[in-house]
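Heads up, the sequence shown stops at 339 in our numbering, and the numbers go up one at a time, no gaps.
Don't be surprised by glycine CBs; every beta carbon is placed ideally from N, CA and C.
Computed from a predicted model, the values in this text were never measured in an experiment.
Structure first, commentary second.
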Amino acid sequence: MKTINLILIGFGNIGKGFSTVLLQKEKFLAELGYKFNVRAICEWNGSIIDNDSNGINLNEVLELAKNKKFNEHKNFSKKTAKDVLEEVDADIALELTPGNIRTGEPGLSNIINALNSGKHVVTSNKSPIALKFNEIMELAKRHNKKILYEATVAGAIPLFNLCRETLQINTINNIYGIFNGTTNYILTKMTDEGTDFNTALKEAQELGYAERDASYDLNGYDTAVKVVIAANALIGRKINFSDVKISGITGITEEAIKLAKEHNYVIKLIGDCNKSEVSLRLIRKDSPLNIGGSLNAVMIDTDIAKDITIIGRGAGAIETSSSIFSDILKIAKEI
Ligand SMILES: NC(=O)c1ccc[n+]([C@@H]2O[C@H](COP(=O)([O-])OP(=O)(O)OC[C@H]3O[C@@H](n4cnc5c(N)ncnc54)[C@H](OP(=O)(O)O)[C@@H]3O)[C@@H](O)[C@H]2O)c1
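See below:
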């Protein structure tokens, strides 16, 4: 049995979702030959570190976190993620904090510190990857470590793995599609049920689809960040966030949606890697991109396989863990 030691940075939705799946799949992972030990969990105000190298009892931490008592754990101390990355021996650091698109922090520093301390990194945090893609990749290469980020674009959809492994022989001409569940939910509600914008937004927030700050979704920034990552990682375009022409969904009118419908079209917020653009576009009703609710749909335009569309959950703590595990298992195989 191979033991893989992990450090979790950020114990919010994704940190807890990942831990829940780790507990649920423990037996299956053992059958694959792996035991994953969580050696430390870092939050902004301190960290829990195991002191016997056997791994933290995740059931106990999940229960404490549910009752907002994370810092009452017997092994809690004021140590920061930086301290933990320097002090604790681990194979992979999971960077799962919220992203700030202007600074990339706190994730950017966490990723840099993790690589500098000799750890591989798996992250769901889009901002640092979009902001400093080339710098982070170069740093990882210099340290001979991996940084994988399947969960950053379209949550549970295995975009990077599919393109890099299964579609290896193909040249990818473009990647475009629906990368944001909140805006797709709102547009679907407005199209299918005639719901007005504000009511649809309120529903999306009540259902927990929206990011902390809904404007990030609505103004197209969230989609733009994903466009930057996919463009750099998969079609070799060295673009930054500031290169993306961004318009969101706030200007959409009920009349435009109605008119589109009358002509057999729907209006969708589309991110386009080749054009470095996020914009509302008319999509034919029979297009594979005409998907409803909070789903994401990504179109991969290739030279050999031609068009491939993948549809799935773009968010959700449990769903997104599927992508995080694919990255972790990829690294675990190579350790
Ligand atoms: N939720 C999804 O479905 C989804 C899907 C794909 C990608 N993502 C991305 O994954 C990341 C995590 O998402 P989430 O939904 O889990 O966010 P979240 O619920 O806000 O959790 C983030 C956690 O990180 C903690 N944190 C904040 N600053 C920190 C610091 N400096 N050091 C250590 N921990 C810190 C937060 O603590 P406090 O709450 O006390 O501030 C919180 O517990 C984000 O970047 C998000 O964009 C999320």
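{"Query": "What's the call for Ser219, buried or exposed, on a 16-neighbour Cβ count within 10 Å?", "Result": "exposed"}
{"Query": "Starting from the Cα of Leu333, find the closest Cα among Gly37, Ile287, Leu12, Cys277 and give me that residue.", "Result": "Gly37"}
{"Query": "Pairing CB atoms from the segment 252 to 263 with CB atoms from the segment 114 to 124, are three or more of them under 8 angstroms?", "Result": "no"}
{"Query": "Between the segment 123 to 131 and the segment 297 to 304, do three or more beta carbon pairs fall short of 8 angstroms?", "Result": "no"}
{"Query": "Grab me the residues of Glu109's own chain with a C-beta within less than 6 angstroms of its C-beta, minus the 5 sequence neighbours each way, in chain order.", "Result": "none"}
{"Query": "Find the nearest neighbour of Asn177 within the set Asp276, His124, Ile115, judged by alpha-carbon distance.", "Result": "Asp276"}
{"Query": "At a cut-off of 7 angstroms, is Ala264 close to ligand 1 when judged by its beta-carbon and the heavy atoms of the ligand?", "Result": "no"}
{"Query": "Quick test of your reading: Thr156 and Ile233, contact by CB under 8 angstroms. State the CB separation rounded to the nearest angstrom.", "Result": "6 angstroms"}
{"Query": "So is Asn114 in contact with chain C if we call contact Cβ pairs under 8 angstroms?", "Result": "Although the question refers to chain C, the structure presented lacks it and comprises just one protein chain."}
{"Query": "When you compare each of Ala319, Asp54, Asn41, Leu171 to Asp311 by their alpha carbons, which one comes out closest?", "Result": "Leu171"}
{"Query": "Which parts of the segment 18 to 100 are runs of the beta strand (DSSP E), unbroken and 3 residues or longer, counting only runs that do not cross its ends?", "Result": "38 to 47, 50 to 53, 96 to 99"}
{"Query": "Check whether the segment 65 to 75 touches the segment 88 to 98, taking contact to mean three or more Cβ pairs, one atom from each stretch, closer than 8 angstroms.", "Result": "no"}
{"Query": "By the DSSP assignment, the alpha helix (DSSP H) with Tyr225 in it spans what residues?", "Result": "225 to 238"}
{"Query": "Would you identify the three-state DSSP class for Ala160, choosing helix, strand or coil?", "Result": "coil"}
{"Query": "Near Arg241, which residues of its chain fall below 6 angstroms by C-beta distance, leaving aside the five closest residues on each side in sequence?", "Result": "Ala235"}
{"Query": "Which one or two residues does DSSP pair with Met5 in a beta bridge?", "Result": "Answer is none; Met5 lacks a bridge partner."}
{"Query": "What are the complete alpha helix (DSSP H) segments, minimum 4 residues, inside the segment 139 to 211?", "Result": "185 to 197, 201 to 210"}
{"Query": "Verify the contact flag: Phe137, CB atom, against every heavy atom of ligand 1, threshold strictly below 7 angstroms.", "Result": "no"}
{"Query": "For the candidate residues Trp48, Asp54, Phe32, Glu35, whose alpha-carbon lies nearest to that of Asn41?", "Result": "Asp54"}
{"Query": "What I want to know is whether the C-beta of Leu10 ends up closer than 7 angstroms to one or more non-hydrogen atoms of ligand 1.", "Result": "no"}
{"Query": "At which residues does the alpha helix (DSSP H) containing Tyr1 begin and terminate?", "Result": "In the structure displayed, the chain extends from 5 to 339; residue 1 sits before or after that span and is not available."}
{"Query": "Short of 7 angstroms in beta carbon distance, which residues of its chain neighbour Val88, apart from the five on each side in sequence? Order them along the chain.", "Result": "Ile11, Ala44, Cys46, Ser51, Ile53"}
{"Query": "Name the residue from Asp56, Ser57, Glu76 whose alpha carbon lies nearest to the alpha carbon of Glu64.", "Result": "Glu76"}
{"Query": "DSSP has Ile13 in a bridge; who is on the other side?", "Result": "Cys46, Glu99"}
{"Query": "Less than 8 angstroms separating the beta-carbons of Ile18 and Ala228?", "Result": "no"}
{"Query": "Given that a residue counts as buried once 16 or more other Cβ atoms are within 10 Å of its Cβ, and exposed if not, what is Ala134?", "Result": "buried"}
{"Query": "Would the beta-carbon of Ala144 be found less than 7 angstroms away from any heavy atom of ligand 1?", "Result": "no"}
{"Query": "Just the Cα atoms here: how many angstroms apart are Ser23 and Leu33?", "Result": "13 angstroms"}
{"Query": "Use the C-beta contact count for His267: other C-beta atoms within 10 angstroms, 16 or more gives buried, fewer gives exposed.", "Result": "exposed"}
{"Query": "What are the residues that DSSP puts in a beta bridge with Asn300?", "Result": "Gly316"}
{"Query": "State the start and end residues of the unbroken alpha helix (DSSP H) segment that holds Leu286.", "Result": "Looking at the DSSP string, Leu286 is not in any alpha helix (DSSP H); the run it does join, the beta strand (DSSP E), is 281 to 288."}
{"Query": "Just how far apart, CA to CA, sit Glu169 and Leu152?", "Result": "14 angstroms"}
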